[in-house]
Amino acid sequence: MRAHEAGALHGNDAAPTWLPYPSDVNTLIDGLWSRTTRRTVDGAVEVGGVDVRRIAEEVGTPAFVLDEDDFRRRARRFRDAFAEAFRPHAGADVYYAGKAFLCGAVARWVEEDGLGLDVCTGGELAVALRAQFPPERIALHGNNKSVAEIRRALEAGVGRIVVDSLDEVDLVDAVAAELGVRAAVMLRVTTGVEAHTHEFIATAHEDQKFGLSLTGGIAFEAVRRVLDAAQLDLVGLHSHIGSQIFDTGGFEVAARRVLDLVAQVRDELGHTITHLDLGGGFGVMYNTQHTPAEPEALASGIAGIVEKQCHDLELEVPHLAFEPGRAIAGPSTQTLYTVGTVKDVRLGGPHHRVYVSVDGGMSDNVRTALYDADYSCLLSGRVSAEPPEVVRVVGKHCESGDIVVKDEYLPADVRRGDLISVPVTGAYCYSLASNYNHVPRPPVVAVKDGEIRTLLRRETEEDLLGLDVG
Numbered sequence: 001m002r003a004h005e006a007g008a009l010h011g012n013d014a015a016p017t018w019l020p021y022p023s024d025v026n027t028l029i030d031g032l033w034s035r036t037t038r039r040t041v042d043g044a045v046e047v048g049g050v051d052v053r054r055i056a057e058e059v060g061t062p063a064f065v066l067d068e069d070d071f072r073r074r075a076r077r078f079r080d081a082f083a084e085a086f087r088p089h090a091g092a093d094v095y096y097a098g099k100a101f102l103c104g105a106v107a108r109w110v111e112e113d114g115l116g117l118d119v120c121t122g123g124e125l126a127v128a129l130r131a132q133f134p135p136e137r138i139a140l141h142g143n144n145k146s147v148a149e150i151r152r153a154l155e156a157g158v159g160r161i162v163v164d165s166l167d168e169v170d171l172v173d174a175v176a177a178e179l180g181v182r183a184a185v186m187l188r189v190t191t192g193v194e195a196h197t198h199e200f201i202a203t204a205h206e207d208q209k210f211g212l213s214l215t216g217g218i219a220f221e222a223v224r225r226v227l228d229a230a231q232l233d234l235v236g237l238h239s240h241i242g243s244q245i246f247d248t249g250g251f252e253v254a255a256r257r258v259l260d261l262v263a264q265v266r267d268e269l270g271h272t273i274t275h276l277d278l279g280g281g282f283g284v285m286y287n288t289q290h291t292p293a294e295p296e297a298l299a300s301g302i303a304g305i306v307e308k309q310c311h312d313l314e315l316e317v318p319h320l321a322f323e324p325g326r327a328i329a330g331p332s333t334q335t336l337y338t339v340g341t342v343k344d345v346r347l348g349g350p351h352h353r354v355y356v357s358v359d360g361g362m363s364d365n366v367r368t369a370l371y372d373a374d375y376s377c378l379l380s381g382r383v384s385a386e387p388p389e390v391v392r393v394v395g396k397h398c399e400s401g402d403i404v405v406k407d408e409y410l411p412a413d414v415r416r417g418d419l420i421s422v423p424v425t426g427a428y429c430y431s432l433a434s435n436y437n438h439v440p441r442p443p444v445v446a447v448k449d450g451e452i453r454t455l456l457r458r459e460t461e462e463d464l465l466g467l468d469v470g
């Protein structure tokens, strides 16, 4: 606990030190909200030209509200930034990471805007194929692909299968032989880089499940096996160092280690690797602690790193690929909730905390419980002249860890029936959603030019009961 910046009589003292006291608790903080989000003249939040009160009335709450213009603009901006940065060389592609959020409409947007698509399960592949996404622009990831998933990918003609283990080299080769086709593969290389992020989303250090380690020559042996395999074509190497990354420092070390392997393959096996995927995981602004880099800065910074490393190793700059899933989907969506119970809990002495309960929770956003993520929120159905109060926004589930927003300022008169919006919920919220406590999943609606379009309908109790055949 600490004293409040504005003095002992302002709010409670449960605010973390990083959370600034707002001069106006009704203000939309720059960077937290999608580009069409604004306050209307009567105080309500509007996104895509649609008042959130209308969304609540027509669609209900909770609901994921996706700003279509914002999503597509971000996708095109990443596409153009990396294409321009690597234009002097062999070029660069951007693949949207479907695990962040995927549905048929999103797959079609990504295709229309000229991006590739990464999928990591048979289910994600099924969505892409149903949306008629060009299979040659699909990459299949996964550390434990089933024979059925590999077979379906090869039958569909996906552009590349990202092989994750020595065992999988033989498995993909065998399935390709069975089908009488050749399989284009990349090898996921574990570089040993420790991304400065939560341990559950750092994916390139040695002690974790993904990839082929450079240590002990495992990755080199995988390259040799692919080159010797009867039905495999080596497309290139893949490296992913984690998620929610705000600078290019980790990419410098990872690129050097992957390019060292490219040089080793050239020198010892006489093979030129022409494609390199450096992953993505670019960070977004979930609250005022975060300052994400612009796509153009990321692209030019990484291009400079790759150019220097290739020059030092006397290599041609390969064709690059990147995967900014979170950075496209995350800021494009807000979750709209309705307030229920508001409870002031005494913590001892003068200390207290205000709990604001909403009609969703960890079933639609488990990231706070899973990753200790920090979100922001805003009273979005109206404005208030009351002073700011630090609150904790919690869900309706039977768990004390069912927290949506750990700490944020809302007006002191927040009450039952109010609408609250939580920004930057487009990535890994619906994707990780569950039916805990038998709560149906919320809908995802796209808003654009004053229109609401349902992308994924709200689940019903009938949907849940329909699975129960006992």
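Each residue of the sequence shown is one higher than the one before, starting from 1 at the first, in full-length UniProt numbering. Each residue gets a CB set at the ideal place from its N, CA and C atoms; glycine is no exception.
- The three-state secondary structure of E46, taken from DSSP, is strand.
- Taking the Cα of H238 as reference, the smallest distance to any Cα among H141, D364, N437 and Y355 is reached at H141.
- The closest CA to that of S431, considering only S363, V391 and P324, is found on S363.
- L432 is bridged by DSSP to nothing; it lacks a bridge partner.
- Secondary structure of T121 (DSSP, three-state): coil.
- Straight across, the Cα-Cα distance linking L227 with D170 is about 12 angstroms.
- Less than 7 angstroms separates the beta-carbon of V65 from that of Q334.
- The shortest C-alpha to C-alpha distance from A174 to any of Q231, R160, G395 and N143 is the one to Q231.
- Nearest neighbour of S421 by Cα position, chosen from V235, F282, V393 and I161, turns out to be V393.
- As for any alpha helix (DSSP H) of minimum length 4 sitting wholly inside the segment 244 to 284, the runs are 249 to 269, ordered along the chain.
- For the set Q289, K406 and A373, the Cα lying nearest the Cα of P20 is the one of Q289.
- Rounded to the nearest angstrom, the Cβ distance from V390 to Y409 is 6 angstroms, consistent with a contact under 8 angstroms.
- Take the alpha-carbon of L129 and the one of T454: they are about 20 angstroms apart.
- For H438, the three-state secondary structure derived from DSSP is helix.
- Straight-line measurement puts the Cα of G395 at about 11 angstroms from the Cα of A369.
- Here the segment 279 to 299 makes contact with the segment 69 to 88; the two share three or more CB pairs at distances below 8 angstroms.
- Cβ atoms of R38 and D69 stay farther apart than 8 angstroms, at about 13 angstroms.
- With fewer than 16 other Cβ atoms from the protein chains shown falling within 10 Å of its own Cβ, T17 counts as exposed.
- By alpha-carbon distance to E296, the top candidate from R74, P62 and T338 is R74.
- Separation of the CB atoms of V339 and Y375 is rounded to 16 angstroms, and the pair is thereby denied contact status at 8 angstroms.
- Per DSSP, the continuous alpha helix (DSSP H) segment holding E461 begins and ends at E461 to G466.
- If one requires a minimum length of 3 residues, the beta strand (DSSP E) runs lying completely within the segment 155 to 180 are 160 to 163, in chain order.
- Here DSSP, grouped into helix, strand and coil, assigns S421 to strand.
- Check the Cα spacing between L28 and each of A219, E399, V439 and C377: the tightest is with C377.
- A residue is called buried once 16 or more other Cβ atoms fall within 10 Å of its Cβ, and R188 is buried on that count.
- Take the alpha-carbon of L347 and the one of A44: they are about 33 angstroms apart.
- In the DSSP assignment, V185 forms a beta bridge with I161 and L234.
- With a minimum length of 3 residues, the unbroken runs of beta strand (DSSP E) contained wholly in the segment 294 to 334 fall at 319 to 323.
- Judged by DSSP secondary structure, F71 falls within the alpha helix (DSSP H) whose first and last residues are E68 to A85.
- The straight-line gap separating the alpha-carbon atoms of A219 and L212 is approximately 5 angstroms.
- When beta bridges are read from the DSSP output, I452 appears opposite V447.
- In the three-state scheme derived from DSSP, where H, G and I count as helix and E and B as strand, I218 is classed as helix.
- G104 carries a helical assignment under DSSP once its states are collapsed to helix, strand and coil.
- Here the C-alpha atom of G217 lies approximately 30 angstroms from the C-alpha atom of L298.
- Secondary structure of D113 (DSSP, three-state): coil.
- Beta bridge pairing from DSSP links R392 with Y355.
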